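*Asks:* 972 is the number of the first residue of the sequence shown in the numbering used here; add one for each residue after it. Just so you know, even glycine gets a beta-carbon here, dropped at the ideal spot from N, CA and C. Being a predicted model, the structure only gives us computed values, none of them experimental.
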Amino acid sequence: MLSRLARVERLLGARGICGQQVQHRSFSKSHAIKVRWVAAWGSNLLSGGSPAHSKLTRHPRIQPRRTMSTNTADESKYRLPTNVKPIHYNITIKTDLETQEFQGYTTVDLNVLEDTSSLVFNTTKLNIHDVVVHSEAQKSQETQTVNTDFDQKLERAIVQVANPLKKGSKVQLRVWFDGKITDELMGYYTSSYEDNGKKIYYALTQFEPTAARRAFPSWDEPLLKATFDITLISRAETVSLSNMPAASEDSLDGTTDEIIGKFFKDSDPAGWKVTKFETTPPMSTYIVAYANGPFKHLETSYTSPLSGKKRTLRVYATSDLIDQTKFGLDVGAKVLPEYEKVFDIEYPLPKLDTLV
């Protein structure tokens, strides 16, 4: 009976694909997409490799420097205070690909772990407006913030509240904000391709390791997991994606939603739509993902060998590249059930979308 390692090696064909690189043409001059197959599972890589590998010169092992992390006091200043813990985010983002800007509104439900008169969260590259703290202990009375300070170096905001927040209580932070969709390949960024000589833009996120704070105010540390409700407002002709399946998608003509309406206080909502996604499992902020653009997709599915559940797999791409994605989709449908069998862990989400 094959060992798990041998089964993974056979599945991935590690000897055959290790080190190969596929170069797609760039969507824009600064956004080439590279796909590198690195199969670190194979016995060649783990056990010394082939005779050809054994002829390679062996250099002395370099010992890591142990002086880099000795100053814990200096490192701790980059960590957020532990007086509150985020439990749930409700995030609404309006994306305007024409102006390359986005607006947002988020509420964050917090458990108060220590008596405190301040809330400290991560934010950078954002314009923050109308910060409000709502406390259950105040019997639904909103505690307006006394002052909000920003530390650009530490990428955080410090919100002072009028009435101290008591240990064991629950509070909600509410923030309006806006920002630019940049081309920096982190946070909420833009890329483009050409169609008949016209440049077409789309936007997507890259939050790992600490770039969620560029897209929405957050407790942007991996340990601080929470659930997320994501709502995306976009042009009607575009496609919006996020971690979870869409729960609803509606036109904004004549909307009566108070929060959504505030995004259009100076403009007409006609021609826009709102896509609401299902609630995520608890996860770190860097795992949150969303995208908006004129995407096309191919679709298939696989059945979990562990539970018998059927899951949808989709590959999204721009119209000029969608025909090149079928191979990856087919491979995914074959590999995922094998991964589940090898590791005895079922894929935890109801769908898997790949944006290329």
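What are the start and end residues of the alpha helix (DSSP H) that includes Y1172?
*Replies:* Looking up residue 1172 in the sequence shown gives position 201. Where Y1172 is concerned, there is no enclosing alpha helix (DSSP H), although the beta strand (DSSP E) it sits in stretches over K1169 to Q1177.
*Asks:* Where do the ends of the beta strand (DSSP E) carrying G1150 lie?
*Replies:* To locate residue 1150, count along the sequence shown from 1; it is residue 179. Note, G1150: beta strand (DSSP E), K1141 to K1151.
*Asks:* For P1188 and V1259, what's the separation of their Cα atoms in angstroms?
*Replies:* In the sequence shown, counting from the first residue as 1, residue 1188 sits at position 217. In the sequence shown, counting from the first residue as 1, residue 1259 sits at position 288. Each residue's alpha carbon lies about 13 Å from the other.
*Asks:* Closest by CA to T1296, which one among K1233, S1162, T1283 and L1269?
*Replies:* Indexing the sequence shown from 1 puts residue 1296 at position 325. Considering only alpha carbons, the answer is L1269.
*Asks:* Taking C-beta to C-beta, are H1105 and V1130 nearer than 8 Å?
*Replies:* On the sequence shown, residue 1105 is found 134 positions in, with the first residue counted as 1. On the sequence shown, residue 1130 is found 159 positions in, with the first residue counted as 1. Against a cut-off of 8 Å, the Cβ pair of V1130 and H1105 comes out as no contact.
*Asks:* Within its chain, find whatever has a CB closer than 7 Å to the CB of F1121; leave out the 5 residues flanking it on each side and keep chain order.
*Replies:* Looking up residue 1121 in the sequence shown gives position 150. Only A1128 meet the Cβ criterion.
*Asks:* Could you check if D1200 is buried or exposed, using at least 16 other CB atoms within 10 Å of its CB as the buried criterion?
*Replies:* Looking up residue 1200 in the sequence shown gives position 229. Buried, because 16 or more other Cβ atoms sit within 10 Å of the Cβ of D1200.
*Asks:* Kindly confirm or deny that the stretch 1178 to 1186 and the stretch 1282 to 1291 touch, where touching means at least three C-beta pairs closer than 8 Å.
*Replies:* Because the criterion of three Cβ pairs below 8 Å is not met, the stretch 1178 to 1186 and the stretch 1282 to 1291 do not touch.
*Asks:* Tell me, to the nearest whole angstrom, how far the beta carbon of T1202 is from that of I1062; I am working on the premise that it is less than 8 Å.
*Replies:* Locating residue 1202 in the sequence shown gives position 231, counting from the first residue. Locating residue 1062 in the sequence shown gives position 91, counting from the first residue. So it is a contact: roughly 7 Å between Cβ atoms.
*Asks:* Can you round the beta-carbon distance between Y1049 and L1125 to whole angstroms, since I take them to be within the 8 Å contact cut?
*Replies:* On the sequence shown, position 78 is the one that residue 1049 refers to. On the sequence shown, position 154 is the one that residue 1125 refers to. Indeed, because the Cβ distance is near 6 Å, the residues count as touching under 8 Å.
*Asks:* Relative to the C-alpha of D1224, which candidate in F1235, G1139 and P1216 has its C-alpha closest?
*Replies:* What you label residue 1224 is simply residue 253 of the sequence shown in a count that begins at 1. Minimum Cα distance to D1224 is reached at F1235.
*Asks:* Give me the residue from S1219, Y1273 and S1205 with the minimum Cα distance to D1067.
*Replies:* Walking along the sequence shown from the start, residue 1067 turns up at place 96. The residue with the shortest Cα to Cα distance from D1067 is S1205.
*Asks:* Can you check DSSP and say which residues form a bridge with A1262?
*Replies:* Taking the first residue of the sequence shown as position 1, residue 1262 is located at position 291. For A1262, which the question treats as bridged, DSSP gives the partners L1175 and L1212.
*Asks:* Given a cut-off of 8 Å on the beta-carbon distance, is the pair G1261 and T1176 in contact?
*Replies:* For the purposes of this step, residue 1261 is identified with residue 290 of the sequence shown, where counting begins at 1. For the purposes of this step, residue 1176 is identified with residue 205 of the sequence shown, where counting begins at 1. Looking at the sequence provided, one finds Tyr at residue 1261 rather than Gly. In this structure, T1176 lies closer than 8 Å to Y1261 by Cβ.
*Asks:* Would V1132 pass as a contact of T1114 if the rule is Cβ separation under 8 Å?
*Replies:* Here residue 1132 refers to the residue found at position 161 of the sequence shown. Here residue 1114 refers to the residue found at position 143 of the sequence shown. Yes; because the gap between Cβ atoms is below 8 Å, this pair is in contact.
*Asks:* For K1000, count the other beta carbons within 10 Å of its own beta carbon; 16 or more makes it buried, fewer makes it exposed. Which is it?
*Replies:* Working through the sequence shown from its first residue, we reach residue 1000 at position 29. Confidence at K1000 is low in this model, with a pLDDT of 36, below 50, so its placement is unreliable and no value can be given for it.
*Asks:* Taking D1067 as part of the beta strand (DSSP E), name the residues at either end of that continuous run.
*Replies:* Taking the sequence shown and counting its residues from 1, one reaches residue 1067 at position 96. Note, D1067: beta strand (DSSP E), V1055 to D1067.
*Asks:* What are the residues that DSSP puts in a beta bridge with A1197?
*Replies:* Counting from 1 along the sequence shown, the entry for residue 1197 is found at position 226. DSSP output for A1197 lists M1254 as bridge partner(s).
*Asks:* Taking the alpha carbon of T1271 as the reference point, which residue from H1100, A1304, V1117 and V1327 has its own alpha carbon closest?
*Replies:* Counted from its first residue, the sequence shown places residue 1271 at position 300. It is A1304 whose Cα lies nearest to the Cα of T1271.
*Asks:* Please go through the stretch 1270 to 1316 and give each complete beta strand (DSSP E) segment of 3 or more residues, from N-terminal end onward.
*Replies:* As far as the stretch 1270 to 1316 is concerned, its whole beta strand (DSSP E) runs of at least 3 residues are 1281 to 1288.
*Asks:* By the three-class DSSP mapping on this structure, what secondary structure does A1241 have?
*Replies:* The count along the sequence shown starts at 1 and reaches residue 1241 at position 270. If DSSP states are grouped into helix, strand and coil, A1241 belongs with coil.
*Asks:* State the Cα-Cα distance for the pair I1230 and F1073, rounded to the nearest angstrom.
*Replies:* The count along the sequence shown starts at 1 and reaches residue 1230 at position 259. The count along the sequence shown starts at 1 and reaches residue 1073 at position 102. Using only the alpha carbons, I get a separation of about 15 Å.
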